[in-house]
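Using this note's numbering, the letters of the sequence shown correspond one by one to residues 33 to 447.
Each residue gets a CB set at the ideal place from its N, CA and C atoms; glycine is no exception.
As the structure is a prediction and not an experimental result, all values here were calculated from the model.
Right, one structure below, let's go through it.
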Amino acid sequence: MYHLMISRSVIVLHVFTLFASVLTGQAQKTDILLKGGHVIDAKNKIDAEMDVAISDGKIYEVAPDISAEGAKKVIDATGLYVVPGLIDPHTHVFVGSKSGFADGFNSVSPDDITLKAGITTVVDAGTSGWRNFPVFKKQVIDRSKTRVLAFLNIAGSGMTGFPSEEDINDMDARMTALVIKQFPDVIVGVKIGHYRGSEWAPFDRALEAGRIADVPLLVECHLPLLPLEGILDRMRPGDIYTHSFCTASDRMCLLDEQLKIRSFVLEAHKKGVRFDVGHGGGMFHFAIAVPAMEQGLLPDSFGSDLHRFSMNSGMKNMLDIMSKFLNMGMAIEDIVFRATWNTAISIKREDLGHLSEGAVADIAVLSVRRGSFGFIDTKGYKMAGDRRLEAELTIREGKVVWDQNGMAAKEWVKK
Numbered sequence: 033m034y035h036l037m038i039s040r041s042v043i044v045l046h047v048f049t050l051f052a053s054v055l056t057g058q059a060q061k062t063d064i065l066l067k068g069g070h071v072i073d074a075k076n077k078i079d080a081e082m083d084v085a086i087s088d089g090k091i092y093e094v095a096p097d098i099s100a101e102g103a104k105k106v107i108d109a110t111g112l113y114v115v116p117g118l119i120d121p122h123t124h125v126f127v128g129s130k131s132g133f134a135d136g137f138n139s140v141s142p143d144d145i146t147l148k149a150g151i152t153t154v155v156d157a158g159t160s161g162w163r164n165f166p167v168f169k170k171q172v173i174d175r176s177k178t179r180v181l182a183f184l185n186i187a188g189s190g191m192t193g194f195p196s197e198e199d200i201n202d203m204d205a206r207m208t209a210l211v212i213k214q215f216p217d218v219i220v221g222v223k224i225g226h227y228r229g230s231e232w233a234p235f236d237r238a239l240e241a242g243r244i245a246d247v248p249l250l251v252e253c254h255l256p257l258l259p260l261e262g263i264l265d266r267m268r269p270g271d272i273y274t275h276s277f278c279t280a281s282d283r284m285c286l287l288d289e290q291l292k293i294r295s296f297v298l299e300a301h302k303k304g305v306r307f308d309v310g311h312g313g314g315m316f317h318f319a320i321a322v323p324a325m326e327q328g329l330l331p332d333s334f335g336s337d338l339h340r341f342s343m344n345s346g347m348k349n350m351l352d353i354m355s356k357f358l359n360m361g362m363a364i365e366d367i368v369f370r371a372t373w374n375t376a377i378s379i380k381r382e383d384l385g386h387l388s389e390g391a392v393a394d395i396a397v398l399s400v401r402r403g404s405f406g407f408i409d410t411k412g413y414k415m416a417g418d419r420r421l422e423a424e425l426t427i428r429e430g431k432v433v434w435d436q437n438g439m440a441a442k443e444w445v446k447k
């Protein structure tokens with residue numbers, strides 16, 4: 033009997049030790065714990081004060097009042113918005129030594145601007161084509177901390193300028209689709225953008241490439257001789273029209289002369305065509321954006337059209353574009369939805385843009401500064417505003433990659 037009691041005691045002790053070790057192991061799983069922030073996660077319908085736990089580069093838990101016991105780093109996010117990492121679907125980041133955009137000096141190295149704006153994913157808008165995409169991948173995509181995806185230009189060598197960029201003989205739908213299928217984790221669509229002819233062949237070949245590869249088409253619409261109604265009519269549900277809120281000499285505006293949304297634009301919107309901002313250095317005008325928004329034509333995404341010129345003009349970065357719409361009256365919850373989950377849907381990357389448990393831990397912690405600010409469109413007009421979104425902290429794959437005010441840093445005390 034005595035030996036039996038000893039055995040039972042040993043068993044109970046082992047069970048208790050095992051249970052304690054499991055609890056300790058769970059607590060130690062948390063690498064970063066964001067406490068007290070206002071979480072906005074459209075996919076999971078979260079719009080409330082929550083804690084977010086990160087482990088091994090993934091979202092471990094999102095819940096009210098997660099215990100900080102065992103967490104390696106606890107960050108106080110009280111008073112701030114904790115949202116999925118922002119996705120910029122229109123950039124030019126095939127940076128290189130040449131004079132233009134493709135492998136060129138006019139493109140921008142993504143890490144130079146994205147992370148400090150809460151952006152963890154960018155999509156290059158057709159700067160490369162099927163001929164030079166491998167160079168882009170090796171030179172930029174594989175070396176960037178920012179996640180870099182791509183729309184592949186229907187022009188074989190991408191944005192190399194005229195006349196090569198509009199050589200119909202180099203617009204090969206099957207080769208474009210083949211390269212897309214070779215890199216399905218990186219290439220998310222096809223792009224048609226710069227063509228000054230009147231033939232529909234480039235557009236139709238881009239559509240064909242998208243059909244073969246089962247990816248959306250991004251229409252940048254520097255297509256002056258192709259009628260807007262015909263372009264929107266050819267576009268499929270899920271295809272993306274960018275540069276949506278501007279007047280320009282090489283395209284018809286989405287609004288008519290009385291600033292009313294054209295009927296065929298409404299039909300395209302109803303059909304499921306998606307409209308991206310595509311701000312750039314010349315493609316966003318308050319005179320179009322405000323009445324369009326008042327009539328219910330809202331952007332599905334806040335593409336920046338990032339390049340060397342736009343980043344130093346009225347555009348600045350995607351967060352500044354979001355701030356413009358905030359001051360134009362859009363609710364912050366709607367802005368975050370369109371900058372994260374809705375953009376992920378547009379590019380068919382539904383693994384991104386949310387904070388589901390097990391998802392990659394790409395997170396932006398945003399503040400809303402209040403004061404007196406000025407926002408500039410691409411015609412040089414200023415709109416006054418009283419709120420500006422800023423990135424306080426950016427986390428990419430579970431690691432802090434931007435920390436504006438040392439939220440994640442150790443406190444220094446003078447000795």
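Can you give me the Cβ contacts of Gly7 inside the same chain, cut-off strictly under 7 angstroms, excluding the 5 residues immediately before and after it? Absent from the model: residue 7. The displayed extent of the chain is 33 to 447, so no value can be given.
With a CB to CB cut of under 8 angstroms and the five nearest residues on each side skipped, what residues in its chain are close to Glu429? On the sequence shown, position 397 is the one that residue 429 refers to. So the list reads Gly89, Val392, Ala393 and Asp394, once near-sequence residues are dropped.
Within 10 angstroms of the Cβ of Leu250, are there 16 or more other Cβ atoms? Answer buried if so, exposed if not. Here residue 250 refers to the residue found at position 218 when the sequence shown is read from its first residue. Buried, because 16 or more other Cβ atoms sit within 10 Å of the Cβ of Leu250.
Cβ-Cβ separation, Thr178 to Leu338 (assumed contact under 8 angstroms), whole Å: Residue numbering aside, residue 338 sits at position 306 when the sequence shown is read from its first letter. Residue numbering aside, residue 178 sits at position 146 when the sequence shown is read from its first letter. About 11 angstroms; that fails the 8 angstroms criterion.
Alpha carbons only, please: which of Val115, Pro248, Ile107 and Ile173 is nearest the one belonging to Lys75? Along the sequence shown, one-based indexing puts residue 75 at 43. For Lys75, the nearest C-alpha among the options comes from Val115.
Where does Ala85 sit, in a helix, a strand or coil, going by DSSP? For the purposes of this step, residue 85 is taken as residue 53 along the sequence shown, with counting starting at 1. Ala85 falls in the strand class under three-state DSSP.
Who does Ser333 pair with in a DSSP beta bridge? Reading the sequence shown from its first residue, position 301 is the one you call residue 333. Answer is Asp308.
heavy atom of the ligand SAM below 8 angstroms from Gly403 C-beta: This structure lacks the ligand SAM, and indeed carries no ligand of any kind.
Quick check: the Cα distance between Glu240 and Asp418, rounded to an integer number of angstroms? Residue numbering aside, residue 240 sits at position 208 when the sequence shown is read from its first letter. Residue numbering aside, residue 418 sits at position 386 when the sequence shown is read from its first letter. In a straight line, the C-alpha of Glu240 is about 46 angstroms away from that of Asp418.
Cβ-based burial, Gly438 [other Cβ within 10 Å; buried from 16]: The residue you call residue 438 lines up with position 406 of the sequence shown. So Gly438 counts as exposed.
Separation of Leu351 from Gly225, as counted between CA atoms: Residue numbering aside, residue 225 sits at position 193 when the sequence shown is read from its first letter. Residue numbering aside, residue 351 sits at position 319 when the sequence shown is read from its first letter. Taking the straight line from one Cα to the other gives about 24 angstroms.
Separation of Val397 from His317, as counted between CA atoms: Looking up residue 317 in the sequence shown gives position 285. Looking up residue 397 in the sequence shown gives position 365. If you take the alpha carbons of His317 and Val397, they lie about 28 angstroms apart.
Candidates Thr426, Asn374, Ile408 and Leu387, of which the one nearest Ser399 by Cα: Here the question's residue 399 lines up with position 367 in the sequence shown. Considering only alpha carbons, the answer is Thr426.
With Ala245 and Ile212 assumed to form a contact (beta carbons below 8 angstroms), what rounded beta-carbon distance in angstroms separates them? By 1-based counting over the sequence shown, the position of residue 245 is 213. By 1-based counting over the sequence shown, the position of residue 212 is 180. Between Ile212 and Ala245 the Cβ distance is about 4 angstroms, and since that is below 8 angstroms, they are a contact.
Can you find the residues in the same chain that come closer than 7 angstroms, C-beta to C-beta, to Glu261, ignoring five residues on each side of it along the sequence? Numbered from its first residue, the sequence shown carries residue 261 at position 229. Cβ within range, chain order: Phe296.
Starting from His226, trace the beta strand (DSSP E) both ways and give me its first and last residue. By 1-based counting over the sequence shown, the position of residue 226 is 194. Element bounds for His226: Ile219 to His226.
What's the call for Ser129, buried or exposed, on a 16-neighbour Cβ count within 10 Å? As a working note, residue 129 is residue 97 in the sequence shown. Ser129 comes out exposed.
Cβ of Ile408 less than 9 angstroms from any chain B Cβ? Looking for chain B here will not work: only one protein chain is present.
Tell me which residue opens and which closes the beta strand (DSSP E) that Leu67 is part of. Position 35 of the sequence shown, counting from 1, holds the residue named residue 67. Leu is not the amino acid found at residue 67; the sequence shown has Lys there. Note, Lys67: beta strand (DSSP E), Ile64 to Asp73.
Exposed or buried, which one is Trp373 when buried takes at least 16 other CB atoms within 10 Å? The count along the sequence shown starts at 1 and reaches residue 373 at position 341. It is buried - the Cβ of Trp373 has at least 16 other Cβ atoms within 10 Å.
Residue environment, Trp162, which counts as buried when at least 16 other CB atoms sit within 10 Å: Residue mapping note: residue 162 aligns to position 130 of the sequence shown, counting from 1. Looking at its Cβ environment, which holds 16 or more other Cβ atoms inside 10 Å, Trp162 is buried.
Determine whether the beta carbon atoms of Ala324 and Ser281 lie at a separation below 9 angstroms. Reading the sequence shown from its first residue, position 292 is the one you call residue 324. Reading the sequence shown from its first residue, position 249 is the one you call residue 281. No, the pair does not count as a contact, with Cβ atoms beyond the cut-off.
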